[in-house]
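Read through the structure below, which is laid out as structure tokens, and then see the notes.
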Amino acid sequence: MTKAAGRIAGAVLLAFILSGCSGVQSALDPKGPAAGELARLIWFFTVLCTIIWVLVMGVVAGILLRRRQRRLHDPLRVDQDEERTISRVVISAVGATALVLVGLTLLSFFANRTLAGIGEDAVLTIRLTGHQWWWEVRYENAEPNRILTTANEIHIPAGEAVRLLLESDDVIHSFWVPSLHGKLDLVPGMVNTLTLRADRPGIYRGQCAEFCGAQHAHMATLVVAQPRAEFDAWYDEQLKSAVEPSSEEQRTGRDTFLNGPCVMCHRIQGTPAGAITGPDLTHVASRQTIAAGTLRFSRGNLAAWIADPQGIKPGSKMPVMDLDGDQLNAIVAYLESLK
Amino acid sequence: MRERTVLELSSLPTFGSGPRSPTWWGTLAFIALEGTGFVLAAATYLYLAYIAPGWPLSAAPPNHWPGTIVTILLVASLVPNHILSGYAKKCEMRPVRIGMLVMTAFGLAPLIVRGFEFPALNIYWDTNAYGSMLWVLLGLHTLHLLTDVGDTIVLAVLMFTHHGNSGRRFADVEDNIFYWYFVVLTWLPLYFLIYWLPRF
Amino acid sequence: MSSADLAPKPEGILDTELDAESLRRRLAETWKTRSGLVGFLSSVDHKVIARRYLITALIFLCLGGLSAVAMRVQLSGPERGLIGPDLYNQLFTMHGVTMMFLFAVPIMQAVGLYLVPLMVGTRNIAFPRLSAFSYWVYLSGGVFVWVSFFLNMGPDIGWFAYVPLSGPEFAPGKRADVWAQMITYTEVSSLAVAVATIVTVLKQRAPGMSLDRIPLFVWAILVTSFVIVFAMPSVMIASSFLILDRLVGTHIFNPAEGGDALIFQHLFWFFGHPEVYIIFLPATGMVSAIVPTFARRPIFGYLALVLSLIAVGILSFGLWVHHMFATGLPKLGASFFTASSMLIAIPNGIQIFCWLATLWSGGPLRLKTPLLFVFGFFFIFVAGGLTGVMLASVPLDLQVHDTYFVVAHFHYVLIGGAVFPLLGATYYWFPKLTGRMMSERLGRWHFWLAFIGFNAAFFPMHIVGLWGMPRRVYTYPVELGWGGINLFITAGALLFFLSFVLFVINLARSARSGEAAGENPWDAGTLEWAVSSPPPNYNFARIPVVAHSEPLWAERGSMPVAAGLRVDAREVLISTVAEAKPDLREKSARPSIWPFFSALSVGGTFLGSIFTPWAVVWGALPIAVSLIGWFWPKGAPEDEE
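Protein chains in written order, with the numbering used here: chain A, 16 to 354; chain B, 4 to 203; chain C, 13 to 653.
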């Protein structure tokens with residue numbers, strides 16, 4: 016009996032832990048209609064499964080506590096009446112199991128249909144391409160000059176549905192922002208479609224959920240949901256070319272950038288740097304993180320990242336470059352100006 | 004615990020053929036698992052053909068003639084295989100020896116023609132997935148052909164030694180016959196997949 | 013009359029001509045494994061081979077466990093730098109590969125290899141040389157992958173090795189080759205044991221052991237072996253295709269040249285899901301053996317249990333897509349797999365209910381360590397099964413797939429569902445293997461430590477998974493607040509590891525100085541308890557005749573047996589498939605060193621193929637020679653009849 020009490024206490028404690036959590040990346044903290052539907056489903060299943068488990072454990076407890084007549088004689092002698100009673104109980108239990116399973120199957124089928132119905136009115140199409148180990152984000156537009164490419168941070172208008180086209184450039188990745196939606200893989204040679212909708216403005220963290228090599232752990236993304244007007248303003252800002260350097264140091268930084276190995280991989284619109292192997296840096300300073308969520312964006316972190324990418328994110332495609340202190344500071348100053 | 008004898012076994016025979024013998028069941032199990040391998044390889048081929056925009060992928064369909072000759076040889080070999088099976092059941096040494104020689108010949112002949120099949124595919128394994136799958140399917144079957152012919156040869160030699168004259172050997176011959184049916188039967192769908200599917 | 017007076021006769025010496033004592037002496041001589049290195053490498057005794065399997069699997073369990081401990085230490089806090097991604101990715105791959113391919117499947121098959129011939133009342137496994145071969149293949153495959161790991165060539169692509177991450181473009185070097193060849197190679201050993209087991213159960217049962225009298229453990233091993241036969245080829249095809257893509261430039265998985273990445277996942281999971289049941293079904297057999305013994309009554313619902321085993325075996329092939337819900341498959345197809353995944357819960361439920369019913373209505377419970385582990389199994393496995401039902405739901409799976417929730421789920425199922433029964437089975441059958449009992453006192457400590465450690469380590473993983481922590485990450489940021497719970501998990505994992513240290517101590521101490529066990533220490537009902545502990549090399553001096561599903565309970569006074577087999581040559585009784593009527597007296601193979609050479613040459617070929625495809629051509633010669641050596645008759649009576 017004390018055991019049962021312990022278990023109840025455990026369940027209460029568990030409920031407390033679960034309700035107390037509101038991480039930025041939690042399936043139990045839904046911030047959109049899809050995740051909301053899924054969270055309800057998770058809770059329903061959890062409660063039902065817990066009840067079933069407790070029932071079965073009740074039988075186990077009964078077995079352990081039950082008083083029995085001593086039966087030291089022949090183990091083959093079985094009471095036929097008792098057998099019939101037990102048979103009936105077992106058959107009913109199997110029947111109940113089947114009913115519960117049918118119910119859960121239907122429930123998950125309808126939940127699936129609800130999910131499919133969300134966002135058929137998508138206003139925006141974003142092509143999200145997975146790379147080892149960052150996300151390329153491209154806003155599709157009928158007008159070619161309004162197509163926007165950025166990285167790792169996905170801005171969306173809050174309250175509106177956005178269609179994501181998921182692709183991969185190398186290995187399989189999986190896009191997962193738990194507080195908005197379940198995960199969907201980015202498979203090379205395929206295009207998967209996911210509809211995202213955030214109810215309210217906010218920042219929702221997600222990360223790659225399919226093992227994709229050395230830096231699978233550092234392949235995060237932020238979904239930034241903004242009020243429509245703010246989103247439009249952001250979009251227009253992002254379409255612009257990079258700002259011109261405004262100080263001597265920034266100018267040196269730009270020249271070092273353009274004459275160094277950086278241009279082999281990165282693009283800064285409005286400069287000759289046009290490579291697309293790595294993230295687009297045109298407005299890198301407007302983003303909140305560096306290296307796909309590995310570091311917060313700050314001058315110090317930016318310097319650390321450029322100086323020692325292999326120490327911070329071992330195995331990443333960003334090479335260690337031969338820069339002296341002044342060059343490093345200049346590049347950091349320049350990149351920091353790219354709001 | 005004390006024992007009491009209730010059953011006398013000494014009059015039982017010391018070998019049996021077909022489903023009576025454990026070896027037959029072992030062969031059947033190996034046929035089942037290798038057959039599963041064939042089915043899955045063929046399923047992969049069909050899956051790739053299904054998702055491809057066209058099949059064969061930018062290649063000329065293979066020249067079917069060497070494959071057709073192999074098919075004819077394999078199907079024809081079923082006749083002596085069946086006759087041999089009858090003699091093996093009756094444990095008749097002379098016809099079994101001759102039969103094993105005939106089956107060796109019927110094993111080697113398609114193997115030789117098989118050598119002409121690979122170039123007749125009109126594509127290499129490293130050109131594209133279609134080429135890869137043709138080589139894989141043909142290779143997988145060739146592997147089975149090769150091992151069974153090797154087995155047949157060893158067993159044929161064995162039948163000409165003094166070891167040949169035992170019931171157990173005749174049961175071995177029967178298992179060899181059994182496995183040969185499998186090698187021939189798996190070829191027929193593969194023949195269709197390799198040579199005729201790319202023409203539809 | 014003494015056996016020494018009998019000259020060998022062409023038709024051999026029959027056991028009917030001998031008294032009990034000389035019968036045993038003769039049989040022991042005929043069935044013995046010679047001493048010395050050659051004798052050691054030549055043994056074909058199923059008990060000797062199974063013992064080697066068990067010890068080897070235990071060593072791999074330690075290695076797999078140590079790699080888990082290393083991972084848990086790295087994950088005990090956010091942004092820890094003890095282990096970098098390169099080593100971490102190798103560690104979790106080695107953990108998965110070792111636990112699945114080198115521990116769980118082989119140890120279950122090994123328990124079957126040891127017990128099935130004893131339980132069905134025969135003298136050796138069918139195709140004993142094939143079983144010997146399988147052990148050498150297994151051993152060399154396992155050594156190969158671990159040596160590669162210590163040479164920094166360990167696979168780092170996950171035990172599932174999805175393409176294109178494991179393909180030629182994204183996995184340069186030899187690490188993925190090691191995975192692919194090791195998989196293909198060690199599955200050969202699984203298949204070989206499966207075939208031998210199937211034929212033993214179908215053809216070598218004692219007279220009278222009709223289908224409805226086969227012990228449930230044997231049924232479980234039989235169904236498992238069938239599942240192996242149809243599932244393992246799938247992963248071998250997948251790994252072979254992968255090695256072809258990597259070594260000779262085929263494009264089977266290359267979408268740029270008409271190949272496809274998802275077909276690998278289909279092939280892998282068509283094997284991978286049944287794999288779970290390959291591990292779980294033998295464990296259900298163990299539970300079905302332990303429960304009646306300690307409840308002191310025959311199992312409740314024998315037929316229902318047999319049919320459930322078969323149903324699970326068949327249904328296990330219809331679930332593989334539930335590992336692929338997040339790949340973007342068509343919705344309707346996914347819904348079908350939700351339904352089929354839910355369906356498999358029914359036969360599993362039936363099994364649970366039947367065991368509970370048996371325990372409920374049995375005599376006074378004898379709560380010994382084996383039964384304690386069975387109760388642990390109920391506690392953990394039922395929870396794991398229920399989270400399995402959650403995963404079967406497509407939409408729900410999309411939130412928890414590839415998170416720690418799934419890690420928690422399958423450890424609940426595999427450790428709770430398979431390892432706990434296995435530990436119980438160890439306490440249960442250890443006396444049969446060694447002739448000595450394991451310590452009950454240490455056993456109880458072991459159980460509680462394992463039970464508490466396990467739940468402390470794995471229960472919180474459900475929560476951290478729902479909080480959004482994905483699997484296979486070597487670290488996580490501070491801000492997400494997962495540090496505390498991960499520290500707790502690591503503490504639990506260490507406790508769990510400690511319980512295994514205690515287990516090994518108990519094994520070692522009991523093997524040396526445990527209490528003597530006798531034939532049937534638990535007063536159980538199945539045939540393995542009819543022979544001495546440990547059993548003689550010929551198992552049964554005379555083949556028992558079976559008239560009941562619990563023959564030792566039915567025959568209290570004396571054991572009915574059959575006589576008339578040869579004692580001067582290895583002879584086994586072959587019976588009919590369904591009714592087990594005596595049919596043939598067939599010979600069983602003598603010891604031979606050729607299976608060892610065959611394994612060596614096949615292994616060398618696989619190893620060489622990693623470096624050059626031509627190794628396959630050069631390796632064909634030694635393989636052919638050793639196989640001919642294996643099958644060529646040597647003039648012994650076993651070869652000639």
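Beta carbons are placed, not taken as given, at the ideal position from N, Cα and C, and that holds for glycine. These numbers were taken from a predicted model, which means no experiment stands behind them.
Proximity winner among the options, relative to residue i (alpha-carbon distances)
i, options, result
"valine 143 of chain A", "A:Ala137, A:Glu135 and A:Tyr154", "Before going further, note that residue 143 of chain A is leucine rather than valine in the sequence given. For leucine 143 of chain A, the nearest C-alpha among the options comes from A:Tyr154."
"alanine 300 of chain A", "A:Leu310, A:Thr65, A:Leu350 and A:Gln284", "A:Leu350"
"glycine 70 of chain B", "B:Val116, B:Leu149 and B:Leu143", "B:Val116"
"glycine 293 of chain A", "A:Cys277, A:Thr286, A:Gly308 and A:Arg302", "A:Cys277"
"serine 160 of chain C", "C:Ala395, C:Arg64, C:Ile622 and C:Pro645", "C:Ile622"
"glutamate 97 of chain A", "C:Leu371, C:Gly325 and C:Ser328", "C:Leu371"
"alanine 69 of chain C", "C:Asn136, C:Tyr150 and C:Leu163", "C:Tyr150"
"alanine 468 of chain C", "C:Phe508, C:Glu23, C:Ser522 and C:Glu531", "C:Phe508"
"alanine 232 of chain A", "A:Lys328, A:Val238, A:Arg269 and A:Ala157", "A:Lys328"
"histidine 85 of chain B", "B:Pro98, B:His147 and B:Val73", "B:Pro98"
"phenylalanine 417 of chain C", "C:Leu454, C:Pro376, C:Val123 and C:Phe471", "C:Phe471"
"glycine 77 of chain C", "C:Pro533, C:Pro634 and C:Leu510", "C:Leu510"
"glycine 447 of chain C", "C:Arg554, C:Ser522 and C:Glu491", "C:Ser522"
"alanine 423 of chain C", "C:Gln411, C:Ala395, C:Val60 and C:Trp441", "A small correction: the amino acid at residue 423 of chain C is histidine; alanine does not occupy that position in the sequence shown. Comparing Cα positions, the closest option is C:Ala395."
Per DSSP, the bridge partner or partners of residue i
i, result
"arginine 578 of chain C", "C:Leu26"
"phenylalanine 359 of chain C", "A small fix is needed here, since residue 359 of chain C is proline in this sequence, not phenylalanine. Note: proline 359 of chain C sits in no beta bridge, so no partner."
"valine 299 of chain A", "DSSP output for valine 299 of chain A lists no bridge partner at all."
"leucine 181 of chain A", "A:Leu143 and A:Asn207"
Coil, strand or helix - residue i by DSSP
i, result
"threonine 624 of chain C", "coil"
"methionine 481 of chain C", "coil"
"isoleucine 311 of chain C", "coil"
"phenylalanine 190 of chain A", "strand"
"aspartate 251 of chain A", "helix"
"glutamate 6 of chain B", "strand"
"proline 113 of chain B", "helix"
"isoleucine 427 of chain A", "Since the first residue shown for chain A is 16 and the last is 354, residue 427 of chain A is missing from the structure and cannot be characterised."
"isoleucine 635 of chain C", "helix"
"leucine 237 of chain A", "strand"
Pairwise C-alpha distance: residue j and residue i
i, j, result
"valine 186 of chain A", "phenylalanine 182 of chain C", "8 Å"
"alanine 204 of chain C", "alanine 44 of chain B", "21 Å"
"methionine 106 of chain B", "proline 482 of chain C", "59 Å"
"aspartate 129 of chain B", "leucine 256 of chain C", "10 Å"
"alanine 126 of chain A", "leucine 87 of chain C", "35 Å"
"tyrosine 289 of chain C", "threonine 296 of chain C", "10 Å"
"glycine 275 of chain A", "arginine 311 of chain A", "25 Å"
"leucine 130 of chain C", "asparagine 551 of chain C", "7 Å"
"arginine 178 of chain A", "glutamate 252 of chain A", "22 Å"
"threonine 17 of chain B", "valine 324 of chain C", "38 Å"
"tryptophan 68 of chain B", "aspartate 414 of chain C", "50 Å"
"leucine 188 of chain B", "leucine 81 of chain B", "10 Å"
"glutamate 263 of chain A", "alanine 288 of chain A", "20 Å"
The region 105-120 of chain C in contact with the region 574-581 of chain C per 3-pair CB rule at 8 Å: no
Any 3 or more C-beta pairs closer than 8 Å across the region 315-331 of chain C and the region 530-550 of chain C: no
The region 21-33 of chain B in contact with the region 318-337 of chain A per 3-pair CB rule at 8 Å: With a cut-off of 8 Å, the region 318-337 of chain A and the region 21-33 of chain B do not count as touching, because too few Cβ pairs lie within range.
The region 52-64 of chain B touching the region 614-629 of chain C, judged by at least three CB pairs closer than 8 Å: no
The region 162-171 of chain C / the region 91-108 of chain C touching (three or more Cβ pairs under 8 Å): yes
The region 34-42 of chain B touching the region 244-254 of chain C, judged by at least three CB pairs closer than 8 Å: These segments touch.
Cβ pair count under 8 Å reaching 3, the region 373-385 of chain C against the region 108-116 of chain A: no
Touching by the beta-carbon criterion (3+ pairs, under 8 Å), the region 342-351 of chain C and the region 583-600 of chain C: Segments in contact, no.
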